[in-house]
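S.K.: The UniProt record's numbering puts the first residue of the sequence shown at 1, with every later residue one more than the last.
Glycine is no exception: its CB is placed at the ideal position from the N, C-alpha and C atoms.
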Amino acid sequence: MQVKKISTIAYMLVMVFYGVFTLILSIFAFTKFSDTSQYYDNIVTNLQQIPIVDVQSKSTQNCDSDYSSLFNWNWEGMFNGCDCTKTTDWKIQKKMYRGLCTGNMIIHACVNASGIKAQPFNFFEGTANTQMNVCIKRGSSQYAYYKVADQQKGVQCVGRKLCGNLAYPKSVFCVALTDPCPVYDIQVSSTKADSRFIGYQVANLPNGNYLYYDNLGTTATKEPLSEFRLTQGEGVCQFVNTQKNKPSGQQDYVLSKSNRTSCSTYDPTFVQNGFSIPENRYYILNMNPTDYTTLTKYPGIQIPSSTSQFYTFQRNYLSWNITNRNLMKDFVEASSSLNDLYKAQLVVMIINIFVCLIVSIILNVLELLGLLGKDVSCINGQAKIKKIKMALSYGAKILQTPFLLWVFILSAQKKSIISEVANAAPMDSTFNSQISSFSTSLEDSVYKNNLISLIVLGLIILLDILLFLISKCCSKNSPDTYAESEKFNFSENQKPENQNQFPMQQQPQHSNIQMQNVQPSVNQGYPVPLPVTYQPSYIQQQPIQQQPVYAQPMQQQQQYVQPVQYNQPAKQVIFVQPDQQGQNYY
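1. Among I92, A118, I6, which one has its Cα closest to the Cα of I106?
2. At the level of alpha carbons, what is the spacing between R138 and Y146?
3. Checking 7 Å against the spacing of the C-beta atoms, do G233 and N245 come in under that value?
4. Can you name the start and end residues of the beta strand (DSSP E) that S276 belongs to?
5. Please state if the CB of K415 and the CB of Y394 are separated by a distance shorter than 7 Å.
6. Taking the alpha-carbon of A424 as reference, which of S336, I322, N339, W406 has the nearest alpha-carbon?
7. Nearest to S439 by alpha carbon, out of T22, D41, Y18, V16?
8. What separation, rounded to the nearest whole angstrom, lies between the Cα atoms of L463 and V456?
9. Taking only runs of the beta strand (DSSP E) that begin and end inside the segment 135-190, which ones reach a length of at least 3 residues, in chain order?
10. According to DSSP, which residues form a beta bridge with D35?
11. Rounded to whole angstroms, what's the CA-CA distance from S445 to S34? Just pull it up for me.
12. Looking at the strands, I want to know which residues DSSP matches up with F313.
13. Beta-carbon separation of S276 and Y311 under 7 Å?
14. Name the two residues that bound the continuous beta strand (DSSP E) containing Q93.
15. In whole angstroms, what separates the C-alpha of F30 from that of Q345?
16. Looking only at its chain, what residues have a beta carbon closer than 7 Å to the beta carbon of D291, apart from the 5 residues adjacent to it on each side?
17. Please identify the residue among C174, A118, Y168, A167 whose C-alpha is closest to the C-alpha of Q142.
18. Answer yes or no: do C181 and C163 have a C-beta to C-beta separation smaller than 7 Å?
19. By the 10 Å Cβ neighbour count, where 16 or more other Cβ atoms means buried, how is Y526 classified, buried or exposed?
20. By the three-class DSSP mapping on this structure, what secondary structure does Q133 have?
21. Can you give me the C-alpha to C-alpha distance between L255 and M132, rounded to a whole angstrom?
22. Sorted by chain position, which residues of the same chain lie with C-beta nearer than 6 Å to C101's C-beta, five sequence neighbours on each side aside?
23. Just reading off the beta strand (DSSP E) that G81 is part of, what are its end residues?
24. Per the DSSP calculation, D214 is bridged to which residue(s)?
25. Of all the options K86, L410, N352, which has the alpha carbon lying nearest to the alpha carbon of V20?
26. Please say whether F121 and N324 have beta carbons closer to each other than 7 Å?
27. Which stretch, first to last residue, makes up the alpha helix (DSSP H) that contains K297?
28. One question on the structure: do K94 and T87 come within less than 7 Å of each other, judged by their Cβ atoms?
29. Given that a residue counts as buried once 16 or more other Cβ atoms are within 10 Å of its Cβ, and exposed if not, what is S195?
30. Grab me the residues of G126's own chain with a C-beta within less than 6 Å of its C-beta, minus the 5 sequence neighbours each way, in chain order.
31. Terminal residues of the continuous alpha helix (DSSP H) containing A344?
32. Quick one: grab the DSSP three-state call for N432.
33. When the Cα atoms are used, what is the spatial distance from T36 to K343?
34. Less than 7 Å between the C-beta atoms of E333 and S306, yes or no?
35. Taking the CB atoms as reference points, tell me whether S171 and A220 lie closer together than 7 Å.
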């Protein structure tokens, strides 16, 4: 029994280690992968874009078919609020709260403030408060940069149209003779014939300025244009470059759904192209009058008076060495599997949380109660508890196995291409460093951690199988002989010939019964009782525990008679008569 307790405690400790260890590995893998995958996503988003082939100036909100607004921002709106700036209760702070007022707030002079629905912002400002829109058109999807980059060798295009600058080979982009070249640059100037933009196309803007765009790239020193961002602040955020960040030190209004903040580092590959508008003018031009009036009534809001500028930033396709462009397509196309890996790693982390709770806490509590000989209040019997423990233990491991295999296979499939690009270092130092960090995270934090988790899980499953086989083997080789014997005696005593003819009352057991001296001349015609080694026919129907008996010495010519264990019936004692002559012991 002591060995069994020790082995049970040891198994409990193993389960604690298994549950906690695999959970820690999955949390570390997910968080590290999440942090570094943003680097990869930023690069892939850039290389996936289809080149821009045309630019238009518009004075209406909607761009033409196949065009999209350069100034587009899907403003998320405002939450409902509770204005307590005039409250009469000193316990309530005098400010705007997000969410509707409670009854107590209303009693103390707080009032509800209506929210504002989300709406698109597409306009910058033209002349005399007129709306101005700039629309861009992208080309055919077959020219998605990552699909054709390895075909661009930086030399003359044979049988195709040459776009770009041969003096800067990375800018060369070959297209069909009937297809337009990509746009390499967009700029704004107040001068009609600006000498900085020789060879650019020119369009008049409603605000009196001029839109210049280069759709030939004959003097280009960069790859074609890829992305645009509209934001406040000093630039586009380094890590989440889709964020509409605020100027340094500023935050969004308390009711704002976008919850914008300032960022500490900026992406230098995004540069301004000359478009800008003050924040208050941007809201006036894009919101309907009713919503703007509601906005201006919010206490403490700075938007109506803010002159902080919104700027447009642009980024060209990221520079990639021509000799390594054969790696670009596989690198970008891995994004789908890596997105699946991100989701799978999240699922594994959630599952491991439940597995840790089950195998490290719940099962150990049940095992501890078993060691103490206690039942669970809501579960009757140790047998049922044992079944529940087995179901929880095996169920947790069965649930964990396929998902661990899933993330392991995904990471094994894609880590090689990411590692190959990291080793080739085809980009500038900043992005090479980011790819290297992502590759290391994928290799060490995801692939290896999931491999270790699989090995630990496999060892635990083997341990469970081994313990199961040992328990089965021991149960066959060491049957409960006492239980089997009692079962046999009980069945034998149920036969009619072995049943007592007289109803008997349950009497206490007697052992060491002192026998009277039995003289041969005074046994009243009965033969001398012999030692009886078999069970009497008048035994109780329920098994009784055997007790040691002792023969008492008789004086003079006494016989040593082995007393018969018996239960006395009410007012009558029946002795078993032997079938043959007894043997005296002297």
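M.R.: Looking at the atomic coordinates:
1. When each option's Cα is compared against that of I106, the closest is I92.
2. Their Cα atoms are separated by approximately 15 Å.
3. yes
4. 271-278
5. No.
6. I322
7. When each option's Cα is compared against that of S439, the closest is D41.
8. 10 Å
9. 161-163, 173-175, 185-189
10. None, per the DSSP bridge assignment.
11. 11 Å
12. R229, Q272
13. yes
14. Where Q93 is concerned, there is no enclosing beta strand (DSSP E), given that its DSSP letter is neither H nor E.
15. Within the model, the alpha-carbon separation for F30 versus Q345 is close to 6 Å.
16. I116
17. C174
18. With contacts defined by Cβ atoms closer than 7 Å, C181 and C163 form a contacting pair.
19. Any reading at Y526 must be qualified, since the residue scores a pLDDT of 49, below 50, and its modelled position is unreliable; the value itself is stated next. Counting Cβ neighbours within 10 Å, Y526 comes out exposed, since fewer than 16 surround it.
20. The amino acid occupying residue 133 in the given sequence is Asn; Gln does not appear at that position. Reduced to three states, the DSSP call for N133 is strand.
21. Rounded to whole angstroms, L255 and M132 show a C-alpha spacing of 28 Å.
22. C82, C110, N112
23. Per DSSP, the unbroken beta strand (DSSP E) holding G81 starts and ends at 81-83.
24. D185
25. Nearest Cα to V20 within the set K86, L410, N352: N352.
26. In terms of Cβ geometry, N324 and F121 do not form a close pair [threshold 7 Å].
27. It is not in any alpha helix (DSSP H) - K297 carries neither H nor E in the DSSP assignment.
28. yes
29. Within a 10 Å sphere around the beta-carbon of S195 sit fewer than 16 other beta-carbons, which makes this residue exposed.
30. Closer than 6 Å at Cβ, skipping near neighbours: M132, P206, N207.
31. 328-355
32. helix
33. 15 Å
34. no
35. yes
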